[in-house]
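> In our numbering, the protein residues as written are 145 to 386.
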Amino acid sequence: MGLSRRALGSDEEIIVEVRSHRGSLVAPSCLLLAACAGAIWLVVYATSWPKLGREIAAGVVIGLPLWWLVARWMRWRSRSVSLTNERVVVSNGSLRKKSEQVRLMRIIEVHLIQGVTDRLLRRGDVILEVDDGPPLAVEHLRHPEAFQRVVLRELGRDEGEGDEEEEDDDEAGAHDLASPSLSRIQVITEDDPTPPQGTPAVSGSRAATLFARLDELDRLEASGALSPHEAALRRAELSGTP
């Protein structure tokens, strides 16, 4: 269960939602396959046992690992990590739901922890350090590098918006002192065919478009829609490197 739309703020939007790595399902799945093989052997070859006894034994042999697999699957299915433009929310549980969250403005460091096995399985832990209080550990993520990049990009965007607001306030105050009227202000963009003489056209849209496409690739990789290999190929195409 991801973050409900009703739980979002008025100006809040979901950037990406990811789940834990499926590695926790490997062991019970393998045990269930082995149990099925053992149950077949009991039913077919254990002829010295009564038929009812063989069927009961086969059911027990299959039932225990099946219960373990279902429990693990429900735990995996009910855990989600949601990144919005304001916070990171880690939700656990379906009947008894528990969630941890941290505001982006409180995050000061984003760490990635991966062992050798984690790198092979493309999973890892992302640790979010906050300015006060214990860090929030987002464990066993799929494609943790992509999730880390998306979080860092959102943090940079928030800082950039805050700096722009401060600059706008300073510029507005200076303009109020220097100019009696705001009606003469002209907004120049690169779409203007002939900007006024001495006024350079804005040339940042290409970089902004590239930034947005790279951001989208990171989101798709973090959510599992793209494999790391496919994402790397598309990044190379965008940057123009072979």
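Where a beta carbon is used, it is the ideal one built from N, C-alpha and C, also for glycine.
Please identify the residue among P194, L175, R250, A202 whose C-alpha is closest to the C-alpha of L272.
Locating residue 272 in the sequence shown gives position 128, counting from the first residue. Answer by Cα proximity: R250.
> Among L361, E298, P372, which has the Cα closest to the Cα of E230?
Taking the first residue of the sequence shown as position 1, residue 230 is located at position 86. Taking only the C-alpha atoms, the option nearest E230 is E298.
> Buried or exposed: V270, going by 16 or more other Cβ atoms within 10 Å of its Cβ?
Numbered from 1 along the sequence shown, position 126 holds the residue referred to as residue 270. Buried, by the Cβ-count rule.
> What does the alpha-carbon distance come out to for the pair D275 and S243?
Taking the first residue of the sequence shown as 1, we reach residue 275 at position 131. Taking the first residue of the sequence shown as 1, we reach residue 243 at position 99. For D275 and S243, the distance between alpha carbons rounds to 20 Å.
> Does the contact criterion of 3 or more C-beta pairs under 8 Å hold for the stretch 157-172 versus the stretch 189-207?
They do not touch, by the three-pair rule.
> Determine, using beta carbons only, whether R163 and S224 come nearer to each other than 7 Å.
Sequence index remark: in the sequence shown, residue 163 carries index 19 (1-based). Sequence index remark: in the sequence shown, residue 224 carries index 80 (1-based). Yes, the pair counts as a contact, with Cβ atoms nearer than the cut-off.
> Helix, strand or coil, according to DSSP, for A380 in the structure here?
The residue you call residue 380 lines up with position 236 of the sequence shown. Note: A380 maps to helix in three-state DSSP.
> Have a look at A181, S192, G259 and flag the residue whose alpha-carbon is nearest the alpha-carbon of G203.
The count along the sequence shown starts at 1 and reaches residue 203 at position 59. Out of A181, S192, G259, A181 has the C-alpha closest to the C-alpha of G203.
> Rounded to whole angstroms, what is the Cα-Cα separation between G209 and G300?
As a position in the sequence shown, residue 209 is number 65, starting the count at 1. As a position in the sequence shown, residue 300 is number 156, starting the count at 1. First, the amino acid is wrong: residue 209 is Pro here, not Gly. Their Cα atoms are separated by approximately 46 Å.
> Count the other CB atoms, across all protein chains shown, that sit within 10 Å of the CB of V233; report buried if there are 16 or more and exposed otherwise.
Against the sequence shown, residue 233 aligns to sequence position 89. Buried: at least 16 other Cβ atoms inside 10 Å.
> Report whether the distance from the Cβ of H255 to the nearest heavy atom of the ligand ZN is below 6 Å.
Here there are no bound small molecules, and the ligand ZN is not part of this structure.
> Tell me the residue span of the alpha helix (DSSP H) that contains A171.
Locating residue 171 in the sequence shown gives position 27, where the first residue counts as 1. Taken as a continuous stretch (DSSP letters only), the alpha helix (DSSP H) holding A171 covers 170-189.
> Taking DSSP as the reference, what is the three-state secondary structure of A281?
As a first step, residue 281 must be located in the sequence shown, where it is residue number 137. Reduced to three states, the DSSP call for A281 is strand.
> Label S371 either buried or exposed according to how many other C-beta atoms from any shown protein chain fall within 10 Å of its C-beta, with 16 as the threshold for buried.
Here residue 371 refers to the residue found at position 227 when the sequence shown is read from its first residue. With fewer than 16 other Cβ atoms within 10 Å, it is exposed.
> Considering only C-alpha positions, which residue in the set A380, H373, A290, A179 is nearest to W211?
Mapped onto the sequence shown, residue 211 falls at position 67. The shortest C-alpha separation from W211 is found at A179.
> For E365, which residues of its own chain have a beta-carbon under 7 Å away from its beta-carbon, when the five flanking residues on both sides are left out?
Against the sequence shown, residue 365 aligns to sequence position 221. The residues are H287, A290, P372, A375.
> Beta-carbon separation of A226 and G237 under 7 Å?
In the sequence shown, the residue the question calls residue 226 occupies position 82. In the sequence shown, the residue the question calls residue 237 occupies position 93. Sequence inspection shows Ser at residue 226; the Ala mentioned does not correspond to that position. Their beta carbons are not under 7 Å apart, which means S226 does not touch G237 by this criterion.
> By a C-beta neighbour count over all protein chains shown, 10 Å radius and 16 as the cutoff for buried, is P340 buried or exposed?
If you number the sequence shown from 1, residue 340 lands on position 196. For P340, the predicted structure reports a pLDDT of 43, less than 50, and the residue's modelled location is therefore unreliable. The matter cannot be settled from this model.
> Considering Cα atoms alone, identify which of L152, L213, S154 is closest to L175.
To locate residue 175, count along the sequence shown from 1; it is residue 31. For L175, the nearest C-alpha among the options comes from L213.
> By the three-class DSSP mapping on this structure, what secondary structure does H165 have?
The count along the sequence shown starts at 1 and reaches residue 165 at position 21. Note: H165 maps to coil in three-state DSSP.
> In this structure, does DSSP put Q245 in helix, strand or coil?
Position 101 of the sequence shown, counting from 1, holds the residue named residue 245. Here Q245 sits in strand by DSSP.
> Could you name the residues that DSSP lists as bridge partners for R286?
The residue given as residue 286 occupies position 142 in the sequence shown. Note: R286 sits in a beta bridge opposite R267.
> Would you give the residue range spanned by the alpha helix (DSSP H) that R216 belongs to?
For the purposes of this step, residue 216 is identified with residue 72 of the sequence shown, where counting begins at 1. Counting along the chain, the alpha helix (DSSP H) containing R216 begins and ends at 195-221.
> Could you tell me the boundaries of the beta strand (DSSP E) in which E253 lies?
In the sequence shown, residue 253 corresponds to position 109, counting from 1. Run containing E253: 251-257, per the beta strand (DSSP E) assignment.
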